[in-house]
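First up is the structure itself, then whatever we jot down about it.
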Amino acid sequence: GSSSAAAPAAAAEPTQAKVHSLASLASSPAALASGLDALDRPQLEARLASAVQQLRERAKWEALRQHDMWRRAETGAWAKYAELLAEQRTALMLQHEREVSEARSALELAAASR
């Protein structure tokens with residue numbers, strides 16, 4: 015039950031090995047092409063399959079990173095929007111209270127002068 019629910023969550027997080035592998039791929043794409051002359055066909059096919067898998071992993075993690083970045087930006091924007099609305103509400107409430115107070119004062123003056 016609970017172990018199967020934890021497995022997908024754990025699989026979604028990048029492992030240190032994956033992060034290191036992606037970092038080495040990003041820092042040295044030429045490493046994939048090094049030594050190709052010494053490889054036979056099966057080794058070349060294996061290297062190509064490995065490179066394709068690494069690029070797929072890199073694209074997946076980049077998409078997740080981008081999604082997280084957009085989610086954080088959206089959360090920040092909503093927080094700023096909520097703060098702005100709260101400030102506007104406070105300002106409008108103060109303005110309303112001031113206008114009500116001025117109207118009461120005017121009514122009291124009018125009543126007192128009768």
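Using this note's numbering, the first residue of the sequence shown is number 15, and each one after it goes up by one.
For each residue, glycine too, the CB sits at the ideal point set by N, CA and C.
Keep in mind it's a predicted model, so treat the numbers as computed, not measured.
Quiz item: What is the DSSP secondary structure of V48, counted as helix, strand or coil?
Solution: The sequence as given places Ser at residue 48; Val does not occur at that position. Looking at S48 - three-state DSSP - the assignment turns out to be coil, as it is neither helix nor strand.
Exercise. Assign S127 to one of three DSSP states: helix, strand, or coil.
Key: coil
Quiz item: Would you say L69 and R61 are within 8 Å of each other, going by their C-beta atoms?
Solution: no
Quiz item: If we ignore side chains and look at the alpha-carbon of each, how far apart do L121 and H110 end up?
Solution: 16 Å
Quiz item: When the Cα atoms are used, what is the spatial distance from R86 to W92?
Solution: 10 Å
Self-check item: C-beta contact flag for L46 and A65 at 8 Å
Solution: yes
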